[in-house]
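This report refers to the structure that appears directly beneath it.
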Amino acid sequence: EAEHCRRKGCDTSFSPGNYDTTTTPEAEWLVATDAKEGERVSVGGRRVVSFEELMEHETVKKAGLRKEEVVALKLYTGPMFCLYNAVLRDFPASTVELLHGNTYTTTIYCIVSGI
Numbered sequence: 483e484a485e486h487c488r489r490k491g492c493d494t495s496f497s498p499g500n501y502d503t504t505t506t507p508e509a510e511w512l513v514a515t516d517a518k519e520g521e522r523v524s525v526g527g528r529r530v531v532s533f534e535e536l537m538e539h540e541t542v543k544k545a546g547l548r549k550e551e552v553v554a555l556k557l558y559t560g561p562m563f564c565l566y567n568a569v570l571r572d573f574p575a576s577t578v579e580l581l582h583g584n585t586y587t588t589t590i591y592c593i594v595s596g597i
């Protein structure tokens, strides 16, 4: 939560390109963790499955995923992927600037662990 809601840049807007949206890391944290907010942004080609529904999915149970991994993977499958990829690739420069030094270390660790 801190990486998305309390660190510098959490309120910096970005547009991922493959979604017709402009968002912030803080807003995406809310989308990933609040079912009502997920429903609200489920328009056009974007369908946000609730955290609770994901935790009951057979694949999640079979893999023994922890809630932190599910939240991180859910964030990665949304607009936040472009910021996480910018951390890992140090590219493109315009997106790296939006990070304000936030490397999303814990989130990326949970993504890798969940995969």
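For the sequence shown, this note's numbering begins at 483 and goes up steadily by one.
The beta-carbon is built from N, C-alpha and C at its ideal position, and this holds for glycine as well.
Thinking just about the alpha-carbon of each residue, which of F563, G583, L555, V578 is nearest to the one in C592?
-> L555
CB-CB length for P561 against T503, believed under 8 Å | 6 Å
CA-CA distance, I590 and Y566?
-> 7 Å
Report all residues from its chain with a CB closer than 6 Å to the CB of S595; omit the five preceding and five following residues, and keep chain order.
-> E551
Does the Cβ-Cβ distance between V569 and L580 come in under 8 Å?
-> no
Note down the Cα distance separating E485 from V513, rounded to an integer number of angstroms.
-> 15 Å
Go ahead and label G520 buried or exposed: buried means 16 or more other beta carbons lie within 10 angstroms of its beta carbon, across all protein chains shown.
-> buried
Selected residue, minimal CA-CA separation from F563, among K518, T506, D493, K543 | T506
Would you call V530 buried or exposed, if buried means 16 or more other Cβ atoms sit within 10 Å of its Cβ?
-> buried
Taking just the CA atoms, how far does I597 sit from S532?
-> 19 Å
Could you check the C-alpha separation between T541 and T587 for me, to the nearest Å?
-> 25 Å
Hey, could you find the ends of the alpha helix (DSSP H) K549 is sitting in?
-> 549-558
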